[in-house]
Amino acid sequence: MARGYIVRLMILSLIEARRGRRDFQARLAPADLDLAHLPLGEELDVQVSLQEQPDGWLLIMRLACTLTRTCDRCCADVEQRLELRDQVWAFQSEGLPEGMIDEDLHLLEPEQEELDISQDLRDLIVIASTEPFLCSENCRGLCPQCGCDLNRESCDCHEQAPPSPFAALAALKKNTKTDE
Numbered sequence: 009m010a011r012g013y014i015v016r017l018m019i020l021s022l023i024e025a026r027r028g029r030r031d032f033q034a035r036l037a038p039a040d041l042d043l044a045h046l047p048l049g050e051e052l053d054v055q056v057s058l059q060e061q062p063d064g065w066l067l068i069m070r071l072a073c074t075l076t077r078t079c080d081r082c083c084a085d086v087e088q089r090l091e092l093r094d095q096v097w098a099f100q101s102e103g104l105p106e107g108m109i110d111e112d113l114h115l116l117e118p119e120q121e122e123l124d125i126s127q128d129l130r131d132l133i134v135i136a137s138t139e140p141f142l143c144s145e146n147c148r149g150l151c152p153q154c155g156c157d158l159n160r161e162s163c164d165c166h167e168q169a170p171p172s173p174f175a176a177l178a179a180l181k182k183n184t185k186t187d188e
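Residue numbers for the sequence shown follow this note's numbering, so the first one is 9 and each next one is one higher.
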């Protein structure tokens, strides 16, 4: 239902955008954007600002939500607050405006009165959810020997010096000198 709400807002905004800038807000459930597979909070706060441009509109999208992420170093699950922002251009044109690429761009038919930005919002969240993530700047990660979380406990493994990857070369050098 909220997905239709966003589309209705956009229908109204394209018709009324000729009056200037329009701002819209909506609260969506992750399922409204086909994101039920991601560990998102219950609501996504969406703000869309439309600004009339010479051949169309600039849509500035802001999206806020919580996402449970797994730290890339220590594997701990952490709830992260995402504050995402993106912009999309919508042009009433038969082709791409000069100098524009088709990424983040919607081409509108001259009589088109609606624009569905649900895919743009979905992409914004999916991209943010796949970026590298650390639970904190000081995350010590997992011990490579025993696997304990070094943020919560210590182990004796890291005190032992790991064997040098060049130890085999040192032995080879010794063997070559003794052969001469």
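Glycine included, C-beta positions come from ideal geometry on N, C-alpha and C.
Within the segment 81–163, the runs of beta strand (DSSP E) that reach at least 3 residues and sit entirely inside it are, in chain order, 85–100 and 113–116. PHE141 and ASP80 do touch by the CB rule: their CB atoms are close to 6 Å apart, below 8 Å. In this structure the segment 131–141 touches the segment 70–78; the number of beta carbon pairs closer than 8 Å is three or more. Counted as a single uninterrupted DSSP element, the beta strand (DSSP E) harbouring ASP53 occupies residues 52–61. Under the three-state reduction of DSSP, CYS165 is assigned to helix. Three or more beta-carbon pairs drawn from the segment 124–137 and the segment 86–100 are found closer than 8 Å, and the two stretches are therefore classed as touching. GLN55 is positioned such that its CB atom lies closer than 8 Å to that of GLN33.
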